[in-house]
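Participant: If you're matching them up, the sequences are chains A and B in order. So in our numbering, spot 142 of the first sequence is number 142, and the numbers just go up one at a time. To convert, take the position in the second sequence, counting from 1, and add 233; that gives our numbering.
Protein chains: 2
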Amino acid sequence: MSAAGLKSWQAVQGEVRRRIDARVWKPGDMIPNEADLSVEFGCARATVNRALRELAQSGLLERRRKAGTRVTMHPVRKATLDIPVIRHEIEGRQQAYSHMVLTSERLKPPGDIRARMQIGPEDELLRLVSVHLADARPHVFEDRWINPRTAPNIEQVDFSALSANEWLVLNIPFERGDISFSATTAGAREAGILACREGEGLFVIERTTWRNGESITVVRQTFAPGYRMHTTL
Amino acid sequence: MSAAGLKSWQAVQGEVRRRIDARVWKPGDMIPNEADLSVEFGCARATVNRALRELAQSGLLERRRKAGTRVTMHPVRKATLDIPVIRHEIEGRQQAYSHMVLTSERLKPPGDIRARMQIGPEDELLRLVSVHLADARPHVFEDRWINPRTAPNIEQVDFSALSANEWLVLNIPFERGDISFSATTAGAREAGILACREGEGLFVIERTTWRNGESITVVRQTFAPGYRMHTTL
DNA sequence: CAGATTTTTATGTATAGACTTATAAAGAAT
DNA sequence: ATTCTTTATAAGTCTATACATAAAAATCTG
Chain A
1 MSAAGLKSWQ
11 AVQGEVRRRI
21 DARVWKPGDM
31 IPNEADLSVE
41 FGCARATVNR
51 ALRELAQSGL
61 LERRRKAGTR
71 VTMHPVRKAT
81 LDIPVIRHEI
91 EGRQQAYSHM
101 VLTSERLKPP
111 GDIRARMQIG
121 PEDELLRLVS
131 VHLADARPHV
141 FEDRWINPRT
151 APNIEQVDFS
161 ALSANEWLVL
171 NIPFERGDIS
181 FSATTAGARE
191 AGILACREGE
201 GLFVIERTTW
211 RNGESITVVR
221 QTFAPGYRMH
231 TTL
Chain B
234 MSAAGLKSWQ
244 AVQGEVRRRI
254 DARVWKPGDM
264 IPNEADLSVE
274 FGCARATVNR
284 ALRELAQSGL
294 LERRRKAGTR
304 VTMHPVRKAT
314 LDIPVIRHEI
324 EGRQQAYSHM
334 VLTSERLKPP
344 GDIRARMQIG
354 PEDELLRLVS
364 VHLADARPHV
374 FEDRWINPRT
384 APNIEQVDFS
394 ALSANEWLVL
404 NIPFERGDIS
414 FSATTAGARE
424 AGILACREGE
434 GLFVIERTTW
444 RNGESITVVR
454 QTFAPGYRMH
464 TTL
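1. Considering just the uninterrupted stretch of the alpha helix (DSSP H) at residue 348 of chain B, what are its terminal residues?
2. What residues in the stretch 305-320 of chain B bring their beta carbon closer than 7 angstroms to a beta carbon of chain A?
3. Buried or exposed: which applies to residue 139 of chain A, given that a residue is buried once 16 or more other Cβ atoms fall within 10 Å of its Cβ?
4. Output the boundary residues of the beta strand (DSSP E) element that contains residue 151 of chain A.
5. For the structure I just gave you, are there three or more beta carbon pairs, one from the stretch 256-273 of chain B and one from the stretch 443-450 of chain B, closer than 8 angstroms?
6. Check whether the Cβ atoms of residue 128 of chain A and residue 159 of chain A lie closer than 9 angstroms to each other.
7. Can you find at least 3 beta carbon pairs, one from the stretch 300-313 of chain B and one from the stretch 82-95 of chain A, that sit closer than 8 angstroms?
8. Hey, out of B:370, B:338, B:434, whose CA is closest to residue 330 of chain B's CA?
9. Kindly identify the DSSP beta-bridge partner or partners of residue 215 of chain A.
10. What did DSSP end up calling residue 230 of chain A once you bin it into helix, strand or coil?
11. Assign residue 18 of chain A to one of two classes, buried (16 or more other C-beta atoms within 10 Å of its C-beta) or exposed (fewer than that).
12. May I have the straight-line CA-CA distance separating residue 431 of chain B from residue 405 of chain B, to the nearest angstrom?
13. Could you check how far apart the C-beta atoms of residue 294 of chain B and residue 304 of chain B are, in whole angstroms? I think they sit under 8 angstroms.
14. Hey, is the stretch 218-225 of chain A in contact with the stretch 181-194 of chain A, meaning 3+ C-beta pairs nearer than 8 angstroms?
15. Taking 8 angstroms as the cut-off, does the stretch 334-352 of chain B touch the stretch 283-303 of chain B (at least 3 CB pairs, one atom from each stretch)?
16. Are the C-beta atoms of residue 425 of chain B and some chain A residue less than 9 angstroms apart?
17. With 9 angstroms as the threshold, decide whether the Cβ of residue 179 of chain A is near any Cβ in chain B.
18. Name the two residues that bound the continuous beta strand (DSSP E) containing residue 367 of chain B.
19. Using the three-state DSSP reduction, which class does residue 14 of chain A fall into: helix, strand or coil?
20. Any beta-carbon of chain A closer than 9 angstroms to the one on residue 180 of chain B?
21. Residue 228 of chain A versus chain B: which residues are under 7 angstroms apart at the beta carbon?
22. From A:27, A:23, A:29, A:54, pick the residue whose C-alpha is nearest to that of residue 13 of chain A; which is it?
23. Tell me the rounded alpha-carbon separation between residue 184 of chain A and residue 283 of chain B.
24. Chain B beta carbons: is any one of them nearer than 9 angstroms to that of residue 207 of chain A?
25. With a Cβ-Cβ cutoff of 9 angstroms, do residue 396 of chain B and residue 440 of chain B count as a contact?
26. Judging by CA-CA distance, which residue of B:343, B:366, B:314, B:342 is the nearest neighbour of residue 326 of chain B?
27. Among all the DSSP beta bridges, which residues are the ones paired with residue 30 of chain A?
28. Who pairs with residue 204 of chain A in a beta bridge, going by DSSP?
29. Give the interface partners of residue 466 of chain B over in chain A, defined as CB-CB distance under 9 angstroms, in chain order.
30. Taking CB distances under 9 angstroms as the criterion, tell me whether residue 186 of chain A reaches chain B.
31. DSSP beta-bridge partners for residue 103 of chain A?
32. List the residues that DSSP assigns as beta-bridge partners of residue 373 of chain B.
33. Got a sec: which bits of the stretch 13-24 of chain A sit with their beta carbon under 7 angstroms from any beta carbon on chain B, in order along the chain?
34. Once DSSP output is grouped into helix, strand and coil, what is the label at residue 312 of chain B?
35. Nearest by alpha-carbon distance to residue 340 of chain B: which of B:333, B:323, B:378 is it?
36. Would a check of beta-carbon distances place residue 436 of chain B closer than 9 angstroms to chain A?
Given below as structure tokens:
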């Protein structure tokens with residue numbers, strides 16, 4: 001039962017995982033404090049701390065000062081998704097990347113975009129509608145709004161060379177953003193651009209990014225049928 | 234430019250982020266080693282290490298022994314999604330949760346399921362088709378295969394009381410899994426069960442989980458229209 | 001000069017000890 | 001009984017030091 005000589009934080013973490021898994025420590029239970037565990041395992045408290053900190057971060061343990069550490073009652077699994085630049089994703093599959101700007105105009109945005117980007121009623125944004133192609137076949141339909149106040153040189157950029165996404169990543173790095181994943185039904189426009197049937201289910205990513213408390217861009221990317229995001233748990 | 238007296242790892246991390254953001258250290262650049270940084274910031278090397286380790290984990294830096302630390306050329310943003318138990322997700326929105334088992338049978342699975350779960354050609358699985366409801370309205374349509382070899386008592390469980398998901402989380406915790414997100418088009422069956430129009434785009438989560446190198450379950454969850462997963466970057 | 005070997009070096013990790021901070025719990029005051 | 005104050009405690013963190021490990025760079029060798 002007791003395990004002495006667990007000198008690396010990985011070993012300690014493994015043993016703690018094992019005990020939770022084997023219900024030695026049940027969901028909701030308090031576990032011994034760091035000092036006691038470090039004695040039991042024959043290592044320093046810092047080593048135990050490192051092991052437990054990571055488990056708390058992944059949601060398996062809950063820790064509070066003075067209160068101690070307990071096994072999470074209903075652990076929420078966390079999945080980490082890579083959000084790649086579309087060109088890299090396509091090139092990573094050994095396909096040829098290209099993209100096409102369909103429209104590019106400066107105008108006052110509709111209310112929902114104005115609200116999401118928290119801009120004034122008179123502010124104009126750059127709207128960029130484009131499509132990314134993999135081996136010359138449509139892959140993503142992109143509808144983007146860019147705030148010229150946070151991306152000042154945006155009007156002069158030639159987006160036929162570099163996609164808006166990449167230009168922004170390189171020049172206006174964001175510090176905060178939110179992202180959502182959902183599904184939509186292909187309308188006539190999407191079907192035409194993505195070369196699919198009207199009424200087909202399509203995967204959608206929507207993203208808003210911020211810098212210094214000001215919005216940079218809002219983008220909605222609609223993927224061609226069959227697209228999936230994949231990761232491990 | 235130089236910043237002395239950054240004594241906490243958060244402060245060090247903030248300063249490093251700032252320098253990367255301000256292009257003091259450009260993508261692809263090597264940054265000073267830990268020892269030098271600890272001198273510059275006036276803190277211990279362990280503090281610098283803690284700050285940089287987290288940045289490397291989030292993909293902003295690349296570190297290799299002896300080679301040193303460099304700013305990632307094309308940082309891949311990582312989004313962390315919570316994968317909640319459906320009941321908790323619904324109850325968290327103050328809605329009433331319930332679920333209904335539509336079919337429950339033991340049979341040999343089709344080839345794709347057999348391949349994904351890596352089981353023998355004669356092995357039988359428990360197939361469970363159910364629907365989760367929020368305020369009595371259909372929310373998720375779930376098609377699940379369970380391996381009785383890894384979940385031995387599964388045949389005796391009363392899934393009208395506890396959903397298969399929750400029973401498994403409580404009794405057969407998995408140690409590894411993979412998950413994918415995609416979109417599908419509602420067929421007649423999905424439309425009937427989820428009370429939506431045929432041809433509507435629906436969000437889909439597919440998951441396979443493992444324990445001791447054996448598969449536990451494969452599940453495909455199709456969400457009612459309008460569902461979205463959301464997180465921050 | 002290619003290939004094997006040694007050296008050097010930056011990160012990775014462990015440790016004992018001290019101090020900080022949040023906070024649960026006990027005690028005091030109302 | 002309720003509210004305020006104190007105290008004890010467990011996690012959170014920083015430090016100096018030491019050693020481990022991977023891998024680049026330098027050196028040796030045939």
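Cβ atoms here follow ideal geometry from the backbone N, Cα and C, with glycine treated the same way. In this text the structure is predicted, and so the values were computed from the model without any measurement.
Facilitator: Quick answer:
1. Run containing residue 348 of chain B: 344-350, per the alpha helix (DSSP H) assignment.
2. 307, 309, 310, 311, 312, 313, 314, 315, 316, 317, 318
3. Within 10 angstroms of the beta-carbon of residue 139 of chain A lie 16 or more other beta-carbons, which makes it buried.
4. From DSSP, residue 151 of chain A is part of no beta strand (DSSP E); its letter is neither H nor E.
5. no
6. Yes, these two residues count as a Cβ contact at 9 angstroms.
7. yes
8. B:370
9. Per DSSP, A:210.
10. For residue 230 of chain A, the three-state secondary structure derived from DSSP is strand.
11. exposed
12. Going from the Cα of residue 431 of chain B to the Cα of residue 405 of chain B covers about 36 angstroms.
13. 6 angstroms
14. yes
15. no
16. no
17. So yes, residue 179 of chain A belongs to the interface.
18. 358-367
19. helix
20. In this structure chain B extends from 234 to 466, so residue 180 of chain B is not present and cannot be described.
21. Using a Cβ-Cβ cut-off of 7 angstroms, residue 228 of chain A is close to 413, 414, 415 of chain B, given in chain order.
22. Out of A:27, A:23, A:29, A:54, the CA that lies nearest to the CA of residue 13 of chain A is found in A:54.
23. 42 angstroms
24. Interface residue, yes.
25. no
26. B:366
27. A:70
28. A:182, A:222
29. 83, 174, 176, 177, 178, 179, 207, 209
30. Yes, residue 186 of chain A lies at the interface with chain B (some Cβ there is under 9 angstroms from its Cβ).
31. Residue pairing for residue 103 of chain A: DSSP places it in a beta bridge opposite A:129.
32. B:365, B:456
33. 21
34. strand
35. B:378
36. yes
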